[in-house]
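Working notes, structure below.
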Amino acid sequence: MMAVDPNRAKAFPGLGNDPRSVRLRVEALERLMERIFIIPGLNRPIGLDAILSVIPVAGSTAGAVLGAYMMWEARNLRMSRWQMARMSANTGFDWLLGMIPFVGVVPDFFFRSNSRNLRIILRHLDKHHAAQATVTVEPVEAAGEPSKPAGP
Numbered sequence: 164m165m166a167v168d169p170n171r172a173k174a175f176p177g178l179g180n181d182p183r184s185v186r187l188r189v190e191a192l193e194r195l196m197e198r199i200f201i202i203p204g205l206n207r208p209i210g211l212d213a214i215l216s217v218i219p220v221a222g223s224t225a226g227a228v229l230g231a232y233m234m235w236e237a238r239n240l241r242m243s244r245w246q247m248a249r250m251s252a253n254t255g256f257d258w259l260l261g262m263i264p265f266v267g268v269v270p271d272f273f274f275r276s277n278s279r280n281l282r283i284i285l286r287h288l289d290k291h292h293a294a295q296a297t298v299t300v301e302p303v304e305a306a307g308e309p310s311k312p313a314g315p
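FYI, in my numbering the residues of the sequence shown are 164 to 315.
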């Protein structure tokens with residue numbers, strides 16, 4: 164197995180085996196699989212997973228293979244067997260639903276296995292690699308300025 168030069172990994176984020184690089188890769192894969200486009204009028208995101216599901220059997224299988232890459236990254240993080248089993252069940256269920264010709268596209272709008280698997284991985288990373296944890300902050304209004312106009 165080839166080792167990645169630490170200096171190169173710093174220059175190109177996402178190439179290393181460190182938790183930050185893994186986080187970047189799985190977030191990018193989830194975005195590709197579940198949220199590339201937004202359907203106009205419905206304002207629902209759609210990704211490669213739903214697009215591939217249009218092709219019976221082969222499309223669903225290709226989506227499952229790409230989802231399996233996310234599980235491989237999770238295995239490299241030494242996630243628990245329970246977490247791996249949940250991720251496998253999510254990917255397998257999505258694959259099974261996609262095997263239904265033409266109807267298999269519909270579940271991809273509602274059951275997003277890659278998004279579910281990403282949440283499992285991020286919870287693990289935030290718990291076991293706290294230095295790489297992300298914090299989301301809600302925007303705060305400036306002091307003295309009301310966030311809503313005053314009533315009559």
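Ideal Cβ positions, reconstructed from N, Cα and C, are used throughout, including at glycine.
In this text, all values refer to a predicted model and were calculated from it rather than measured experimentally.
Measuring only the C-alpha atoms, how far is residue i from residue j?
i: residue 218; j: residue 257; result: 14 Å
i: residue 240; j: residue 274; result: 25 Å
i: residue 285; j: residue 230; result: 15 Å
i: residue 212; j: residue 197; result: 6 Å
i: residue 232; j: residue 291; result: 21 Å
i: residue 186; j: residue 220; result: 30 Å
i: residue 244; j: residue 293; result: 21 Å
i: residue 195; j: residue 263; result: 23 Å
i: residue 254; j: residue 224; result: 10 Å
i: residue 252; j: residue 180; result: 25 Å
Between which residues of its own chain and residue i is the CB-CB distance below 6 Å, once the five residues before and five after are set aside?
i: residue 209; result: 200, 202
i: residue 287; result: 242
i: residue 222; result: 215, 216
i: residue 246; result: 283
I think residue i touches residue j, with their Cβ atoms under 8 Å apart; what is that distance to the nearest whole Å?
i: residue 226; j: residue 215; result: 5 Å
i: residue 281; j: residue 270; result: In fact, because the Cβ distance is near 18 Å, the residues do not count as touching under 8 Å.
i: residue 272; j: residue 207; result: 6 Å
For residue i, list the residues DSSP reports as bridge partners.
i: residue 265; result: Per DSSP, none; premise fails for residue 265.
i: residue 200; result: 209
Can you list, in chain order, the residues of its chain whose CB lies under 7 Å from that of residue i, leaving out five sequence neighbours each side?
i: residue 278; result: 193, 197
i: residue 249; result: 283
i: residue 268; result: 213, 216, 217
i: residue 238; result: 247
In chain order, what residues of the same chain have a beta carbon less than 8 Å from the beta carbon of residue i, not counting five sequence neighbours either side?
i: residue 234; result: 247, 250, 251, 254, 280
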